[in-house]
Amino acid sequence: MPRHIAFVATPKEATREFVAAVHRLTRKLDDDPYTDALWGIVTGFDAENALNIVQTSSPLLVKKVAAGTDVELAACVEGVWYCELVKNRMMRKLPNGAAREERGPDDTTRALAATLADYRADLFVTSGHATERDWQIGFAYRNGSFRSKAGKLFGHPISGEPFEIRSDNPKVYLAVGNCLMGHIDSQDAMALAWMNSAGVRQMAGYTVLTWYGYAGWGLLDYYVDQPGRFNLAEAFFANQQALLHRLETEFPETARENPEPGKTRGRGDAAGLLHDRDVLAFYGDPKWDARLAPGPLRWQQRLVEKDGKWTLTIAPKAGADTFKTVNKNGSQRGGRPIVALLPRRIGGKVEIESGAELKPVITDDFVLVPLPAGVVKEQYEVVFREVN
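The sequence shown runs contiguously to residue 396 in this note's numbering.
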């Protein structure tokens, strides 16, 4: 079974139904309910755009981060974000410095566009109201917007003329809190403009209206808040397994349902997890390595194999704060289980020799450990062996 799967699709084929089908297919490759491969959908505004995406092979070490919402700058080498909730609020972090609050402009359209074109951010993060045609920058106050047309991205400030946004450096984009940013409904879709005009090589975004947020916002818990531990494809995979684990553990009957994307009934955690499960698109080559530069980690984790015996060691480094939520901005933040990817697939069954009290989930390609409760210990360990 392959570790990575790229689904190549034209824009007309890359529908929300296609995204849901990929989610569901990649959970059916073996008998467990979890995803069986790191996957991505390779598409683009046109064939040339898609080819540029897959021909980007050099790893991306993310050092410059820009966002239209609060992200954990302490985990980044440098970056800037503009608040979507409070007018004029912004934070900036310079290399080797601490994040400091500054006063931003009333309209941040040009400032955010400049982070792409001039600052050349490696990672761009957004939230707030959006459709397949625009991102409305201010969630709680009047601001400008980004809009798309025929594979091009445009800034529309509150006053003044619209302007084209172009950025050619390879980057990754996370529309963690936006509705519909990942939905490709025509050649005018925002997702295609990001890929074609803004240098985006991998991106994640909702194909439906978002209200729960676990699939989107949780990407930051793995990708940004654990800097350097996961590349983006791995962080997407890890957060999906966290979602599936919670759904399977707390709501096993709901987990068996396969509603039409965006048509989940009800509210609450069961409905929210089901709603989010199959509607976050991941576009790009899943084997491309784009990860944050190494930064502060609240725990170290190490997975080693010797003579058929595997040992996962978890060593807290932040005392009582080790397993607390790093950044609470957004929805459904924190509480994510520890995930370690196995370097190779293991066959057959496993026998847990120690650490069963941590309730680990061990599949053929990853280990998941719910965050330990109670007083933080010096070390946690899960030891298991492959058995025929």
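All residues carry an ideal CB built from backbone N, CA and C; glycine is no exception. All of these numbers come straight from a predicted model, not from anything done at the bench.
> Residue range of the alpha helix (DSSP H) that valine 94 falls in?
Replying inline: Mapped onto the sequence shown, residue 94 falls at position 86. Careful: valine 94 lies outside any alpha helix (DSSP H) and carries neither H nor E.
> Do the stretch 229-249 and the stretch 188-198 make contact, defined as three or more Cβ pairs closer than 8 Å?
Replying inline: no
>> So the candidates are Glu365, Val334, Gln195, Leu68; which of them puts its Cα closest to the Cα of tryptophan 307?
In response: On the sequence shown, residue 307 is found 299 positions in, with the first residue counted as 1. The shortest C-alpha separation from tryptophan 307 is found at Val334.
> Whose CA, out of Leu349, Val377, Arg344, Pro345, lies closest to the CA of glycine 360?
Replying inline: As a first step, residue 360 must be located in the sequence shown, where it is residue number 352. A small correction: the amino acid at residue 360 is isoleucine; glycine does not occupy that position in the sequence shown. That would be Val377, whose Cα lies nearest to the Cα of isoleucine 360.
> Under the rule that 16 or more other beta-carbon atoms within 10 Å means buried, what is valine 312, buried or exposed?
Replying inline: As a first step, residue 312 must be located in the sequence shown, where it is residue number 304. By the 10 Å Cβ count, valine 312 comes out exposed.
> In terms of DSSP beta bridges, what is arginine 169 paired with?
Replying inline: The count along the sequence shown starts at 1 and reaches residue 169 at position 161. Looking at the sequence itself, residue 169 is glutamate, so the reference to arginine does not match. DSSP lists no partner for glutamate 169.
>> Please list the terminal residues of the continuous alpha helix (DSSP H) segment that includes alanine 223.
In response: Along the sequence shown, one-based indexing puts residue 223 at 215. Here the alpha helix (DSSP H) through alanine 223 covers 222-231.
>> With three or more beta-carbon pairs closer than 8 Å as the criterion, would you say the stretch 49-58 touches the stretch 194-207?
In response: Contact holds: three or more Cβ-Cβ distances are below 8 Å.
> Cα separation between valine 88 and glycine 356?
Replying inline: For the purposes of this step, residue 88 is identified with residue 80 of the sequence shown, where counting begins at 1. For the purposes of this step, residue 356 is identified with residue 348 of the sequence shown, where counting begins at 1. Each residue's alpha carbon lies about 47 Å from the other.
> Once you ignore the five residues that flank aspartate 284 on each side, which residues in its own chain have a CB closer than 6 Å to its CB?
Replying inline: As a position in the sequence shown, residue 284 is number 276, starting the count at 1. Excluding positions up to five away in sequence, the list reads Tyr220, Tyr222, Ala223.
>> So for threonine 134, helix, strand or coil by DSSP?
In response: Counting from one through the sequence shown, the residue named residue 134 turns up at place 126. It is a strand residue.
> Could you give the distance in angstroms between the alpha-carbon of methionine 9 and the alpha-carbon of leucine 350?
Replying inline: Against the sequence shown, residue 9 aligns to sequence position 1. Against the sequence shown, residue 350 aligns to sequence position 342. Going by the C-alpha atoms only, they are around 14 Å apart.
>> Determine whether the beta carbon atoms of phenylalanine 132 and alanine 74 lie at a separation below 8 Å.
In response: Sequence index remark: in the sequence shown, residue 132 carries index 124 (1-based). Sequence index remark: in the sequence shown, residue 74 carries index 66 (1-based). In this structure, alanine 74 lies closer than 8 Å to phenylalanine 132 by Cβ.
>> Based on DSSP bridge pairs, tell me the residues matched to proline 324.
In response: One-based indexing of the sequence shown puts residue 324 at position 316. Its beta-bridge partners are Trp307.
> Out of curiosity, what's the CA-to-CA distance linking aspartate 114 and aspartate 78?
Replying inline: As a position in the sequence shown, residue 114 is number 106, starting the count at 1. As a position in the sequence shown, residue 78 is number 70, starting the count at 1. Answer to the nearest angstrom: the Cα atoms are 17 Å apart.
> Which whole runs of the beta strand (DSSP E) in the stretch 229-310 are 3 residues long or more, in chain order?
Replying inline: 288-291, 298-300
> Is it right to say alanine 158 is buried, meaning 16 or more other beta carbons lie within 10 angstroms of its own, or is it exposed?
Replying inline: By 1-based counting over the sequence shown, the position of residue 158 is 150. Alanine 158 is exposed by the Cβ-count criterion.
> What separation, rounded to the nearest whole angstrom, lies between the Cα atoms of alanine 58 and leucine 33?
Replying inline: Walking along the sequence shown from the start, residue 58 turns up at place 50. Walking along the sequence shown from the start, residue 33 turns up at place 25. Their Cα atoms are separated by approximately 23 Å.
>> Tell me the rounded alpha-carbon separation between threonine 117 and glutamate 386.
In response: Residue mapping note: residue 117 aligns to position 109 of the sequence shown, counting from 1. Residue mapping note: residue 386 aligns to position 378 of the sequence shown, counting from 1. About 47 Å.
>> So, for lysine 336: in the same chain, excluding its five sequence neighbours on each side, which residues have a beta-carbon less than 8 Å away from its beta-carbon?
In response: Position 328 of the sequence shown holds residue 336. Correct list, in chain order: Gly342.
> Does DSSP classify tryptophan 89 as helix, strand or coil?
Replying inline: Here the question's residue 89 lines up with position 81 in the sequence shown. It is a strand residue.
> How about valine 347 and alanine 250: do their beta carbons lie closer than 8 Å?
Replying inline: On the sequence shown, position 339 is the one that residue 347 refers to. On the sequence shown, position 242 is the one that residue 250 refers to. Yes; because the gap between Cβ atoms is below 8 Å, this pair is in contact.
> Can you pull the DSSP bridge partners for leucine 46?
Replying inline: Here residue 46 is taken as the residue at index 38 of the sequence shown, counted from 1. Answer by DSSP bridge pairing, in chain order: His12.
> Since valine 384 contacts leucine 366 with CB under 8 Å, what's their CB separation in whole angstroms?
Replying inline: Numbered from 1 along the sequence shown, position 376 holds the residue referred to as residue 384. Numbered from 1 along the sequence shown, position 358 holds the residue referred to as residue 366. Not really, about 13 Å apart at Cβ, beyond 8 Å.
>> I need the straight-line Cα distance from lysine 295 to glycine 48, nearest angstrom please.
In response: Residue numbering aside, residue 295 sits at position 287 when the sequence shown is read from its first letter. Residue numbering aside, residue 48 sits at position 40 when the sequence shown is read from its first letter. Taken atom to atom, the span from the alpha-carbon of lysine 295 to that of glycine 48 is near 9 Å.
>> So, with DSSP's three-state summary, where would you put tryptophan 202?
In response: Position 194 of the sequence shown, counted from the start, is the residue given in the question as residue 202. Note: tryptophan 202 maps to helix in three-state DSSP.
>> Give me the DSSP bridge partner(s) of aspartate 372.
In response: Position 364 of the sequence shown holds residue 372. Aspartate 372 has no beta-bridge partner at all, per DSSP.
>> Just to confirm before moving on: does the CB-CB distance between threonine 215 and valine 30 stay below 8 Å?
In response: Taking the first residue of the sequence shown as 1, we reach residue 215 at position 207. Taking the first residue of the sequence shown as 1, we reach residue 30 at position 22. No, the pair does not count as a contact, with Cβ atoms beyond the cut-off.
>> Can you tell me where the beta strand (DSSP E) holding leucine 182 begins and where it ends?
In response: Here the question's residue 182 lines up with position 174 in the sequence shown. Note, leucine 182: beta strand (DSSP E), 179-186.
> So arginine 35 packs on threonine 43, CB below 8 Å; how close in whole Å?
Replying inline: Taking the first residue of the sequence shown as 1, we reach residue 35 at position 27. Taking the first residue of the sequence shown as 1, we reach residue 43 at position 35. About 6 Å separates the two Cβ atoms, so the contact holds.
> So, is alanine 106 buried or exposed, given that buried needs 16 or more other C-beta atoms within 10 angstroms?
Replying inline: Counting from one through the sequence shown, the residue named residue 106 turns up at place 98. Exposed, by the Cβ-count rule.
> Got a sec? Which residues, its chain only, sit under 6 Å from arginine 458 by beta carbon, not counting five neighbours each side?
Replying inline: With the chain running from 9 to 396 in the structure shown, residue 458 is simply not present.
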